[in-house]
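Structure, as structure tokens:
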Amino acid sequence: MLVLYGFIRRKDLEYVSKFPWDIGIISFMLFPELMKSSENATEKIRLLLEDPFFDLIEVTVIDDNEWLKIAEVNKSYGKKFMLGLQPVILSKGLNPNALNDEERRKTIEILVHEVEKAGKRGYIGVGVCSGPNIEEPERSKAIDALVKSLIELSNIANKYGIKLFLETFDVVWDRKRLAGSLDETIKVIEKVREVVDNVYIMWDLSHAPLLNEDPEILKSYPDYIGHIHIGCAKKIDNKLLDTHPGFYRPGAINTEKDVAKLISVLHEIGYKGAISFEIRPEEGQNPLEILNSAKGVLLRAYQLYLEKI
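Residues are numbered in this note's numbering as their position in the sequence shown, beginning at 1, plus a constant of 5.
Right, here's the structure in full:
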């Protein structure tokens with residue numbers, strides 16, 4: 006397993022620093038076709054299992070036959086897996102905060118099935134997002150419905166000793182989800198934790214511009230941040246998009262300086278989770294091209310962080 010190090014010189018002394026967190030990759034964004042079908046998933050995920058840069062692979066729904074092949078390959082590498090149900094919620098129009106309880110229960114039935122499967126496979130966590138945003142006077146009722154859904158999912162996840170992560174998305178720009186700003190979403194997590202305590206926030210650096218947030222906001226909630234994604238939002242004309250282009254691509258907003266600032270904040274709050282790349286190839290791009298570029302960004306960001314210590 007590769008270990009990422011940074012290097013700094015102070016006066017006549019040289020220091021080497023080990024990167025303090027597991028590094029992950031979201032396989033279904035790097036290979037977007039995996040969001041539609043798990044056909045040939047083994048060969049794509051094999052590339053990530055063989056890459057010593059990564060400790061954690063985030064996958065979406067994978068059928069049993071394909072998973073057995075992936076698990077067999079992973080016997081040689083021993084890497085960790087997480088399940089991302091965000092694509093399922095977004096693409097299938099599922100709504101954990103539906104005001105109609107029958108609709109909400111149908112959503113939870115689908116998600117519970119996948120959480121149980123993740124638990125049996127030994128995944129370490131499951132990521133979800135909220136349903137569509139709505140305005141008052143119904144918004145508070147939708148938040149209550151989301152809390153109820155998260156409690157149900159967290160209880161199932163807890164049976165398998167895995168964590169549930171609620172990812173915050175934009176409210177008005179692109180995905181338009183109910184759980185958006187960190188300040189407000191923390192209140193949702195607090196209500197869930199009154200019943201079950203294995204639920205956390207998944208915070209995505211690339212969503213920060215769409216939420217008008219900054220890594221500094223994480224300092225207010227160190228006990229709630231369970232997982233981190235790094236990537237880029239995109240700006241076209243005056244519109245912000247949640248498309249996760251590779252770093253340095255036209256319109257890509259986030260840079261290695263943003264990643265360095267995030268690293269600094271995470272170190273300050275004593276963060277113990279993993280950091281995963283969420284990057285998606287644009288038309289004509291090879292997935293490995295943007296993957297290698299992202300690795301370089303993380304290396305440079307860590308170096309920038311060390312130079313400011």
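Every residue, glycine too, gets a C-beta built ideally from N, C-alpha and C. If you're wondering where the values come from, they're calculated on a predicted model, not measured in any experiment.
Pairwise C-alpha distance: I13 and R109: Walking along the sequence shown from the start, residue 109 turns up at place 104. Walking along the sequence shown from the start, residue 13 turns up at place 8. The straight-line gap from Cα to Cα measures roughly 53 Å.
CB-CB length for A213 against F252, believed under 8 Å: Taking the first residue of the sequence shown as position 1, residue 213 is located at position 208. Taking the first residue of the sequence shown as position 1, residue 252 is located at position 247. Not confirmed; about 15 Å, so no contact.
Residue(s) in a DSSP beta bridge with Y205: Locating residue 205 in the sequence shown gives position 200, counting from the first residue. For Y205, which the question treats as bridged, DSSP gives the partners F170.
Simplified DSSP assignment, three categories, for H234: Position 229 of the sequence shown holds residue 234. In this structure, H234 counts as strand in the three-state DSSP scheme.
Where the alpha helix (DSSP H) through I94 begins and ends: Taking the first residue of the sequence shown as position 1, residue 94 is located at position 89. It spans Q91 to S96 - the alpha helix (DSSP H) in which I94 sits, taken as one unbroken run.
Selection from A103, P137, A162 and V133 that minimises the alpha carbon distance to G127: Translated into positions along the sequence shown, residue 127 becomes position 122. Distances from the alpha-carbon of G127 to those of A103, P137, A162 and V133 put A162 closest.
Integer-rounded CB distance, given that A150 should sit under 8 Å from A103: Indexing the sequence shown from 1 puts residue 103 at position 98. Indexing the sequence shown from 1 puts residue 150 at position 145. Right, their Cβ atoms sit about 6 Å apart.
Under the three-state DSSP convention, the category V21 falls into: Taking the sequence shown and counting its residues from 1, one reaches residue 21 at position 16. Reduced to three states, the DSSP call for V21 is strand.
Beta-bridge pairing of V133 - partner residues as DSSP gives them: Reading the sequence shown from its first residue, position 128 is the one you call residue 133. According to DSSP, which records beta bridges pairwise, V133 is partnered with L171.
Paired residues, beta bridge with K85 - DSSP: Residue mapping note: residue 85 aligns to position 80 of the sequence shown, counting from 1. Residue pairing of K85 in beta bridges, as defined by DSSP: L61.
Supposed close pair G132, I167 - CB separation, criterion 8 Å: What you label residue 132 is simply residue 127 of the sequence shown in a count that begins at 1. What you label residue 167 is simply residue 162 of the sequence shown in a count that begins at 1. About 11 Å separates the two Cβ atoms, so there is no contact after all.
Rounded straight-line distance, which links the Cα of I67 to that of L116: Mapped onto the sequence shown, residue 116 falls at position 111. Mapped onto the sequence shown, residue 67 falls at position 62. Distance between the alpha carbons of L116 and I67: 14 Å.
DSSP-derived helix/strand/coil call for G289: Locating residue 289 in the sequence shown gives position 284, counting from the first residue. Residue state, collapsed to three classes: coil.
DSSP three-state assignment for R182, whether helix, strand or coil: Sequence index remark: in the sequence shown, residue 182 carries index 177 (1-based). DSSP places R182 in strand when its eight states are reduced to three.
Three-state secondary structure assigned by DSSP to F252: The count along the sequence shown starts at 1 and reaches residue 252 at position 247. Correct three-state label for F252: coil.
Nearest neighbour of S211, chosen from N297, S225 and T260 [CA to CA]: For this step, residue 211 is matched to residue 206 along the sequence shown. It is T260 whose Cα lies nearest to the Cα of S211.
Residues near G231 by beta carbon distance below 7 Å, same chain, minus five either side: Numbered from 1 along the sequence shown, position 226 holds the residue referred to as residue 231. For G231, where only same-chain residues beyond five positions count, the Cβ hits under 7 Å are K168, F170, Y205, I206, M207 and G278.
Residue interval of the beta strand (DSSP E) (run including K239): As a position in the sequence shown, residue 239 is number 234, starting the count at 1. From DSSP, the beta strand (DSSP E) with K239 extends over K239 to I241.
Start-to-end residues for the beta strand (DSSP E) that takes in F282: As a first step, residue 282 is located in the sequence shown; it is residue number 277 there, counting from the start. Note, F282: beta strand (DSSP E), I280 to F282.
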